[in-house]
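Taking it in order: structure first as C-alpha cells, then the write-up.
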Amino acid sequence: MVNEEHGDFHSGFVALAGRPNVGKSTLVNRILGRELSIVTPKAQTTRNRITAIHSMPHAQLVLQDIPGIHDPKTPLNRALVATAVKTLEHADVILLIVEPSERVHNEDRTITDLIKKSGTTSVLAINKIDTVKPAALLPVIDAYSKIHEFSEVIPISALHGGGVPELVDVLVKLLPVGEPLFPEDDVSDLPVRFFVAEIVREQITKKTGEEVPYKTTVVVESFQEQEGRILIHADIHTERDSQKKILVGKGGKMIKEIGIASRKKIEEFLESPVRLELFVKVTPNWTRNDRMLREFGYV
Numbered sequence: 001m002v003n004e005e006h007g008d009f010h011s012g013f014v015a016l017a018g019r020p021n022v023g024k025s026t027l028v029n030r031i032l033g034r035e036l037s038i039v040t041p042k043a044q045t046t047r048n049r050i051t052a053i054h055s056m057p058h059a060q061l062v063l064q065d066i067p068g069i070h071d072p073k074t075p076l077n078r079a080l081v082a083t084a085v086k087t088l089e090h091a092d093v094i095l096l097i098v099e100p101s102e103r104v105h106n107e108d109r110t111i112t113d114l115i116k117k118s119g120t121t122s123v124l125a126i127n128k129i130d131t132v133k134p135a136a137l138l139p140v141i142d143a144y145s146k147i148h149e150f151s152e153v154i155p156i157s158a159l160h161g162g163g164v165p166e167l168v169d170v171l172v173k174l175l176p177v178g179e180p181l182f183p184e185d186d187v188s189d190l191p192v193r194f195f196v197a198e199i200v201r202e203q204i205t206k207k208t209g210e211e212v213p214y215k216t217t218v219v220v221e222s223f224q225e226q227e228g229r230i231l232i233h234a235d236i237h238t239e240r241d242s243q244k245k246i247l248v249g250k251g252g253k254m255i256k257e258i259g260i261a262s263r264k265k266i267e268e269f270l271e272s273p274v275r276l277e278l279f280v281k282v283t284p285n286w287t288r289n290d291r292m293l294r295e296f297g298y299v
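In the UniProt record's numbering, the protein residues as written are 1 to 299.
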C-alpha cells in the first residue's frame, strides 16, 4: 500500500511537451518500466493524450504524453494540437523535452510561450545526451535559459536511462502534497481497447511507408474472452484504395505480418493468449472529416 502516514505524499499531473520525436514516449516507457506509448522513428506518432500512472511509496506521477506541438495543416492535426494545449493548461508541472542542439526550434519557442502564459512550474529535460559529449550541453542550457527560466534543467537519456531517476526525483518535489489521484495498481486511465489499437497502429507505422501511417487509424470493434483466450476484431481505416493495397500487401502478406507482430505484443501487454482479426477498410478523407474524427475519438 502507498505510505502517506507522514503527510508528505506528492501527487499530480506532469505534461510532457516537446517537438515530435524528441523522446517523450520513450521517457514515459522508461519511467514506467513497461511499454505504454508508441515509439517509432517516424514523427507525430502520438495522437492521443496518453496518461501514464507511476506510483511509488512516497508519490504518484501522472504523466501525460501529449501529441507533439507542430504547425497544424489538417483538421486531425489541429485536433491533436488542441489536445496538447489543453493538457499544458491543466498540468501541475510541465516538462519540456528537447534534443542537445543549441538551436532553439520555433516549436520549442511556441511551447515556452504557452508555459509562460500558464504560469505553471516547468522543468527542462535535455534528452539524447548519449549522442553528444558533456561539454556540448552547456550551449544548449544557455540557449534555453535565455528564453525561459526553468525550475530545473536535467540532462537525460530516455533510451538508456541516464539521468531519469534524478529527473523523477525533481518532478516529485515540484508536485503538490496530496493523496494519490488513482489506485496504485493502475498504469493508465485509458481503456484496454485503446492500447490494443495503439499496438496495431505501432506495427503499421513500423512496417509501411511514409504516408500510410498518417492516413490510418485503428478501431477495436469487439473484445471478448472465450475459452482461455481473448478474441479481438479490429478495423484498420485508411483513406484510399492505394493505401489499402499497401496495408494488405501482395497475397495478404503485409496484413499478415502486421497481425503476427501485433498479436505478440498484445499478448505480452494483456498477459493472455490472443486471437486477432484485422480488416482493412477505406474511409475516404477521414483525417479531414470532423464527424469521423469525433467517431474515432480524436475530438
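Where a beta carbon is used, it is the ideal one built from N, C-alpha and C, also for glycine.
Other residues of its chain near residue 234: CB distance less than 8 Å, five sequence neighbours each side excluded: Along the sequence shown, one-based indexing puts residue 234 at 234. Cβ neighbours of residue 234 beyond the five flanking positions: 196, 197, 200, 218, 219, 220, 221, 276, 277, 278 and 279.
Residue 32 versus residue 207: straight-line alpha-carbon distance, rounded: Taking the first residue of the sequence shown as 1, we reach residue 32 at position 32. Taking the first residue of the sequence shown as 1, we reach residue 207 at position 207. Rounded to whole angstroms, residue 32 to residue 207 spans 26 Å at the Cα level.
Residue 137 - containing alpha helix (DSSP H), residue span: Along the sequence shown, read from residue 1 onward, the residue named residue 137 stands at position 137. Element bounds for residue 137: 137-145.
Which residues does DSSP list as the beta-bridge partners of residue 50? Residue numbering aside, residue 50 sits at position 50 when the sequence shown is read from its first letter. DSSP, once it has assigned bridges, lists 65 as partnering residue 50.
Should residue 284 go down as buried or exposed, given a rule of 16 or more other Cβ atoms within 10 Å for buried? Residue numbering aside, residue 284 sits at position 284 when the sequence shown is read from its first letter. Exposed, by the Cβ-count rule.
Beta-carbon separation (whole angstroms), residue 93 vs residue 126, contact threshold 8 Å: The count along the sequence shown starts at 1 and reaches residue 93 at position 93. The count along the sequence shown starts at 1 and reaches residue 126 at position 126. Not a contact, Cβ separation roughly 17 Å.
Quick check on DSSP: helix, strand or coil for residue 177? Translated into positions along the sequence shown, residue 177 becomes position 177. DSSP places residue 177 in strand when its eight states are reduced to three.
Quick check: what's the CA-CA separation for residue 105 versus residue 224? Within the sequence shown, the letter at position 105 stands for residue 105. Within the sequence shown, the letter at position 224 stands for residue 224. Cα to Cα, residue 105 sits roughly 46 Å from residue 224.
Rounded straight-line distance, which links the Cα of residue 121 to that of residue 173: Against the sequence shown, residue 173 aligns to sequence position 173. Against the sequence shown, residue 121 aligns to sequence position 121. Roughly 11 Å separates the two Cα atoms.
Inter-stretch contact (C-beta, 8 Å, three-pair minimum) for the region 12-19 and the region 106-114: yes
Cβ neighbours of residue 257 in the same chain (closer than 7 Å, five flanking residues each side left out): For the purposes of this step, residue 257 is identified with residue 257 of the sequence shown, where counting begins at 1. Cβ neighbours of residue 257 beyond the five flanking positions: 207.
Please classify residue 274 as buried or exposed, where buried requires at least 16 other C-beta atoms within 10 Å of its C-beta. As a first step, residue 274 must be located in the sequence shown, where it is residue number 274. By the neighbour-count rule (16 or more Cβ atoms within 10 Å), residue 274 is buried.
Can you give me the C-alpha to C-alpha distance between residue 181 and residue 14, rounded to a whole angstrom? The sequence position of residue 181 within the sequence shown is 181, counting from 1. The sequence position of residue 14 within the sequence shown is 14, counting from 1. C-alpha separation (whole angstroms): 13 Å.
Residue 99 versus residue 230 - alpha carbon distance: The sequence position of residue 99 within the sequence shown is 99, counting from 1. The sequence position of residue 230 within the sequence shown is 230, counting from 1. One C-alpha to the other measures close to 41 Å.
DSSP beta-bridge partners for residue 281? What you label residue 281 is simply residue 281 of the sequence shown in a count that begins at 1. Answer is 237, bridged to residue 281.
Helix, strand or coil: which one does DSSP assign to residue 273? As a position in the sequence shown, residue 273 is number 273, starting the count at 1. Residue state, collapsed to three classes: coil.
Identify which residue in 293, 95 and 299 has its Cα closest to the Cα of residue 171. On the sequence shown, position 171 is the one that residue 171 refers to. Ranking the options by Cα distance to residue 171, first place goes to 95.
Reduced DSSP category for residue 232 - H, G, I as helix; E, B as strand; rest coil: Taking the first residue of the sequence shown as 1, we reach residue 232 at position 232. Of the three classes helix, strand and coil, the one that applies to residue 232 here is strand, per DSSP.
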